[in-house]
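Everything below concerns the one structure shown next.
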Amino acid sequence: NPRLAGEEMYGYKVYSSILEISKEKPIDYVIIGVPAKIVPGVLREIGQRRVPFVTVFASGFSEVGNSELEKEVLSIAREFNIRIIGPNCLGVYNPEVGLYIGRDQSKKAGNFGAVLQSGGLAVNVAQLAVAYGVEVSKMISIGNAIDLSHHDFLHYFLHDNKTAIIGIYLENLKSKEIGRKFMDAAKLCNLNRKPVILWRAGYGETTKKAIMSHTGGLAGNNKIWEGVAKQTGCLLVKNSTELAALASAFKLVHLPSTRSIGLIGIGGGSTIEAGDTLEKYNIKIPKLTDKTIHKMGRFLNDVNTNFNNPIDLGAQGALPNIYYRTILALDKDPNISAIIFVKDPERFGNLQNTLISQMGFDKGTDLNKAFIKYIGKAKRHCTKPMICVMLKISEGFEEYKSRYRFKLRLLNRNVPVFENFDLAGMAIDKMNTYREFLQKHGRYPKNSKKAI
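According to the numbering used here, the stretch in the sequence shown is residues 410 to 861, in order.
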C-alpha cells in the first residue's frame, strides 16, 4: 500500500510494492485486494516477483460486463505463468495452515473439501458444516473462475489424503470443454470413493439472471444437470443445509446396503408423518421378521405401542434403555439396512422427580443425558447406520439450548442428527444412490462398515 509504506499493520511492515520485498523471502501466494482497474499493474509486479498463485479478491469484471479487463488480467497471468483464483472471490480457507476467508472460522481441520463460486456461501457452508459435525480440510471460493476452475480443485482433492468428502457450489461452467473436464474429474473422485455433493444453483428464471450478474456466466438446464449427476455419480442437493447434512452423513456412518430402514418413534402420528415423508425419497419401511417382533415383546408391553415397522414406543419411549434395546433388535433384523430414531429432547428432558423415580431412575436424573449414554452404547454395538431425527415441538431459549446440547452430544458419538424427516430421507436416498453408482462400476467394497 503506497500510502502506508514504511508503517506497520497488525505487526507487519507495509511496502509500497511487492517488488520492495527482499527476494530472500519467498512468496508463494498473494491476495489482490485493490480496485479492479489497478489489478493488471499489480499482477505484472507479482509476475516479476515470480509468485505462482494469486487470488483476485476484487470485483468489477465480467459480472458487471467488464469482460475486456478480465481478458487482460488472464493474458498477463499467462505471460508470467501465474495461476489465478477468481476474480470476485475470497480464495482459500485452509485451517491446517491458518489461512482463513472470514472471521470466527473453525481452526480445526477435517476431511471435507469444497469449491464454491460464492464467497459469502463459502463462509456460510464452512460454518454450517461445523454445526453438523463436519470440519473443513480445504475450501476454495473461486468467483468468476477465469483460470482455475472446479475441475482443477477436484483433481487436487482426488489426490489429497486429507480430503474424503467433496462439496461443490456451481453457478456456471465457462465452456463445453470445461464442462467435460468437470464431468471427468467429478467421476474420477466418485469412483475413488470420494463422494462429490453438487449444489447446482439456478433452478428458476430469476436465479439464472442473478447468476449472470453474480459471476458472469449462464446457468444450465436442470435436466442436463440431472444427466450429469447420473453419469458422474455426483449427488445433487438444493441448498447449503442439504450440502452440510449429506456431508455429515458420509462422515459419520457407512453406506447402507439397501433402501430398507427401521424407524423408531414416540407416537403413531409422528411415525406416520415420517413414513409419508420417507416414501418420497424411495425409502422402504419393510415388515420386521417374527423373530424381531418376538424379541421386542420381551421388553415392550403392548399398551399404546406398535411393534410393526415403523415402531411406536408410546410412553415407554421416555425410557432411554428402551430405545437402546429396540435399536439392537432392529440391528439383527435381516430386512433392515439402516435405522432412524426420532427424538424430541424437550419432551422428557425436565420431568418431575416423582415421575423419574417411578421410571427406575434416581431423582434429579437428566433423561436426555441418560438417553445419550444409551445411544452411545448402541452405536458401539450396532452394525448398521444410525441416524437421529430431532424434532422441535416447542420454542424458547431453554428449549433451543436443550436441543443444541442434545445434538452436539450425539454428533460427538458419530450419530448424524437432522432437524426433520426430509433431511434424513434426502441423506439416506443420496447415500444409497452413491452405493448404487459404486456397485454399477464395480467399486463398492462388500461388507464395508467404515464411513467415507
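Beta carbons: idealized from backbone N, C-alpha and C, even for Gly.
Verify whether the separation of the beta carbon atoms of residue i and residue j is less than 8 Å.
i, j, result
"residue 523", "residue 506", "no"
"residue 537", "residue 650", "yes"
"residue 696", "residue 744", "yes"
"residue 739", "residue 675", "no"
"residue 525", "residue 550", "yes"
"residue 653", "residue 813", "no"
"residue 665", "residue 825", "no"
"residue 414", "residue 441", "no"
"residue 572", "residue 497", "no"
"residue 836", "residue 661", "no"
"residue 483", "residue 458", "no"
"residue 564", "residue 860", "no"
"residue 645", "residue 607", "yes"
"residue 464", "residue 494", "yes"
"residue 577", "residue 605", "yes"
"residue 556", "residue 602", "no"
On the criterion of 16 or more Cβ atoms from any shown chain inside 10 Å, does residue i qualify as buried, or is it exposed?
i, result
"residue 425", "exposed"
"residue 599", "buried"
"residue 579", "buried"
"residue 712", "exposed"
"residue 479", "buried"
"residue 844", "buried"
"residue 699", "exposed"
"residue 431", "exposed"
"residue 742", "buried"
"residue 642", "buried"
"residue 620", "Its pLDDT being 47, under 50, residue 620 is placed unreliably by the model, and the measurement read from it follows with that caveat. By the 10 Å Cβ count, residue 620 comes out buried."
Look up residue i in the DSSP assignment and say whether it is helix, strand or coil.
i, result
"residue 501", "strand"
"residue 467", "coil"
"residue 507", "coil"
"residue 561", "helix"
"residue 747", "strand"
"residue 722", "coil"
"residue 813", "helix"
"residue 436", "coil"
"residue 545", "strand"
"residue 489", "coil"
"residue 770", "coil"
"residue 715", "strand"
"residue 598", "helix"
"residue 844", "helix"
"residue 621", "Interpretation of residue 621 is limited by its pLDDT of 48, a score under 50 that renders its predicted location unreliable; the figure taken from the coordinates is listed afterwards. Helix."
"residue 742", "coil"
"residue 703", "helix"
"residue 513", "coil"
Which value, in whole angstroms, describes the spacing of the CA atoms of residue i and residue j?
i, j, result
"residue 731", "residue 672", "14 Å"
"residue 719", "residue 678", "11 Å"
"residue 503", "residue 545", "8 Å"
"residue 553", "residue 471", "8 Å"
"residue 802", "residue 561", "45 Å"
"residue 780", "residue 715", "21 Å"
"residue 786", "residue 733", "8 Å"
"residue 834", "residue 657", "14 Å"
"residue 611", "residue 685", "29 Å"
"residue 791", "residue 422", "57 Å"
"residue 725", "residue 755", "16 Å"
"residue 709", "residue 588", "56 Å"
"residue 796", "residue 737", "14 Å"
"residue 590", "residue 858", "32 Å"
"residue 820", "residue 539", "10 Å"
Spell out the partners DSSP gives residue i in its beta bridges.
i, result
"residue 799", "752"
"residue 422", "417"
"residue 607", "577 and 645"
"residue 827", "798"
"residue 672", "749"
"residue 523", "548 and 576"
"residue 689", "Paired residues: none, contrary to the question."
"residue 494", "464"
"residue 441", "465"
Mind checking whether the beta-carbon of residue i lies closer than 7 Å to any heavy atom of the ligand NAP?
i, result
"residue 599", "The model depicted lacks the ligand NAP and carries no ligand whatsoever."
Does the CB of residue i have a neighbour CB from chain B at under 8 Å?
i, result
"residue 780", "Looking at the structure shown, chain B is missing, and only one protein chain is on hand."
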